[in-house]
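J.:
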């Protein structure tokens, strides 16, 4: 997965939500890393849910369940 | 001797005992006034002979002092306050100590820059609890939406008042300035100013006609003549109603939204002037207005919209009252209803003219605008996360589920930014640094003692980023990227 991390998009996001704050140079890469790891956790949890429901595709319900399990929400 | 070994030698002591020691023992340890420490020692030696720590003599002496003091003292300390010292005394010894402390304090504060600096540095040492216990502070809520809206409302009201006053006072104002006033109130107009000047000319003309007689201009003028006849009776409220009349002329003429805004403004201005006249003048004014509106069918929608917009800009109660007064008429109900129900109608109508509106609307229409602003960004993000998600899932993923994933990521990012902002502001910074993100990842249990951050970086990020993030030692005593010593390190060294 050699994709470019959308650094400018991340900085704009932060500007939208928290206007006073800025992202330092390498912090946005780490934020991207955080995001990737989050997606990974979400995907794995969704996959587990799909297996439990004995379905061959990941459906929205699985993902919602997965999101609830992950501590943030 | 002196403060050095006393303060810093204790490895086994807890910070609390250390603090207590410092509070009680600080002044005697001044290097410039040696007599006092020596003086204190025999007194202390006379006390209990316990030695808690096998350190040097002075430190053991002072530590012996501690257990003697401990049961009697109350532990809340702000150092160097004489009052508390007085409260804590019980024994003769303690009184003597306190006397010495006071002396030393006075000395240190007045004469002794060294002791003072010492005391200051120790002050820093003494307070670590409070520093550590300070909770994470979130940023203050931004109260922007209300403020801006109130401000702009006030601005609009001021302008209206100014305009009304100027119309009332100065009947011979130049059309240009009036045009500028009118145009300034209606900010979003992109149509010709020539269309503005026409009603404005009418205004000046009709004003003259109040004094004089018929003008030689077009049908609009004829209308104004009618109106003037009616309005001559109401000289006082003439000016604002003239505006209305002129506005009607404007409606007839161009059917421009500006003119209708002018109508609304005229109504608003009329409301600002004396209230006795408006009903009558409004009625007379409204009739030709009714005709005018009847003529222009397509104007109605615009009228409603514009009315709403202008009303939204100047939500004065007077306006509503006046509009309701003229509620008898057929076509005017469009205005009236709009005015009367301006409150609930405002918010849905706002969604439509979202694009060119000033920031006032921006705040209210924030969800709409923000989404639309994010949209050019989000597709960039979403394409990446679709691919990433698919890779991680290793299973076919339904397309609807991607929308859910997007929602989840939005929520996630909001929390993420909140947390990062909280961490940075806790550190007194406005820039989110690498350390903040690291703390966040620790909290999320992504980074543990077993999985350090660098491992994660190596696993998931492409090579270029790795080079940026992980310092790598290169020959020639160079480290890439450079590790900068932050100011926080320096502070620790000083203490």
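Residue numbers (the UniProt record's numbering), protein chains in the order written: chain A, 1 to 73; chain B, 1 to 495. From the three backbone atoms N, C-alpha and C, an ideal C-beta is built for every residue, glycine too. Note that this is a predicted model, so its numbers are computed, not measured.
#1: Which chain B residues are close to residue 54 of chain A, counting only those with a beta carbon under 7 Å from its beta carbon?
#2: Check whether the Cβ atoms of residue 405 of chain B and residue 423 of chain B sit closer than 8 Å, and answer yes or no.
#3: Suppose you measure from the CA of residue 52 of chain B to the CA of residue 97 of chain B; what does that come to, to the nearest Å?
#4: Please list the terminal residues of the continuous alpha helix (DSSP H) segment that includes residue 478 of chain B.
#5: Give the straight-line distance between the Cα atoms of residue 46 of chain A and residue 62 of chain A, rounded to the nearest whole angstrom.
#6: Would DSSP call residue 58 of chain A helix, strand or coil?
#7: Hey, how far is the Cα of residue 17 of chain B from the Cα of residue 470 of chain B?
#8: If you count every other CB in all the chains shown that lies within 10 Å of the CB of residue 38 of chain A, and 16 or more means buried, which is it?
#9: Just list the alpha helix (DSSP H) runs in the region 405 to 475 of chain B, keeping only unbroken ones of 4 residues or longer that don't cross its boundaries, in chain order.
#10: Could you give the residue range of the alpha helix (DSSP H) that holds residue 26 of chain B?
#11: From which residue to which residue does the alpha helix (DSSP H) around residue 77 of chain A run?
#12: At least one CB of chain B closer than 8 Å to the CB of residue 65 of chain A: is that the case?
#13: Going straight from the alpha carbon of residue 447 of chain B to that of residue 54 of chain A, what length do you get?
#14: Considering Cα atoms alone, identify which of B:387, B:159, B:92 and B:426 is closest to residue 21 of chain A.
#15: Round the Cβ separation of residue 437 of chain B and residue 34 of chain A to the nearest angstrom and send it over; I've been treating them as touching at under 8 Å.
#16: Would you call the CB atoms of residue 49 of chain A and residue 67 of chain A closer than 8 Å?
#17: Tell me, to the nearest whole angstrom, how far the beta carbon of residue 60 of chain A is from that of residue 435 of chain B; I am working on the premise that it is less than 8 Å.
#18: Would you call the CB atoms of residue 30 of chain A and residue 408 of chain B closer than 8 Å?
#19: May I have the straight-line CA-CA distance separating residue 459 of chain B from residue 453 of chain B, to the nearest angstrom?
#20: Determine which residues of the region 23 to 39 of chain A have a Cβ less than 9 Å from any Cβ of chain B, and write them out in chain order.
#21: Taking the alpha carbon of residue 58 of chain A as the reference point, which residue from B:156, B:101 and B:399 has its own alpha carbon closest?
#22: Taking 8 Å as the CB-CB cut-off, is residue 395 of chain B touching chain A?
#23: Give the residues of chain A in contact with residue 423 of chain B, contact being defined as C-beta atoms less than 7 Å apart.
#24: Please report the residue range of the alpha helix (DSSP H) in which residue 9 of chain A lies.
#25: Contact criterion: CB-CB distance below 8 Å. Does residue 44 of chain A meet it with respect to chain B?
#26: Going by the CB atoms, is the gap between residue 10 of chain A and residue 32 of chain A shorter than 8 Å?
#27: Rounded to the nearest angstrom, what separates residue 303 of chain B and residue 18 of chain A at their Cα positions?
T.: So, from the listed chains and residues:
#1: The premise fails here: residue 54 of chain A is roughly 13 Å from chain B at the closest Cβ pair, so nothing lies under 7 Å.
#2: no
#3: Bear in mind that a pLDDT of 43 at residue 52 of chain B, under 50, signals an unreliable position, so the model cannot answer this.
#4: First-last for residue 478 of chain B: 478 to 480, but that is the beta strand (DSSP E), not the alpha helix (DSSP H).
#5: 5 Å
#6: strand
#7: 41 Å
#8: buried
#9: 434 to 443, 453 to 460 and 463 to 469
#10: Neither: residue 26 of chain B is in no alpha helix (DSSP H) and is coded neither H nor E.
#11: Chain A is shown only over 1 to 73; residue 77 of chain A falls outside these bounds and no answer can be derived.
#12: no
#13: 33 Å
#14: B:426
#15: 7 Å
#16: no
#17: Incorrect: roughly 37 Å between the Cβ atoms, too far for contact.
#18: no
#19: 10 Å
#20: 23, 24, 25, 26, 27, 28, 29, 30, 31, 32, 33, 34, 35, 36, 37, 38 and 39
#21: B:399
#22: yes
#23: Per Cβ cutoff of 7 Å: no residues; residue 423 of chain B is ~10 Å from chain A at best.
#24: 7 to 17
#25: yes
#26: yes
#27: Its pLDDT being 41, under 50, residue 303 of chain B is placed unreliably in this model, and the value from its coordinates should be taken loosely. Looking at the two C-alpha atoms, the distance is approximately 38 Å.
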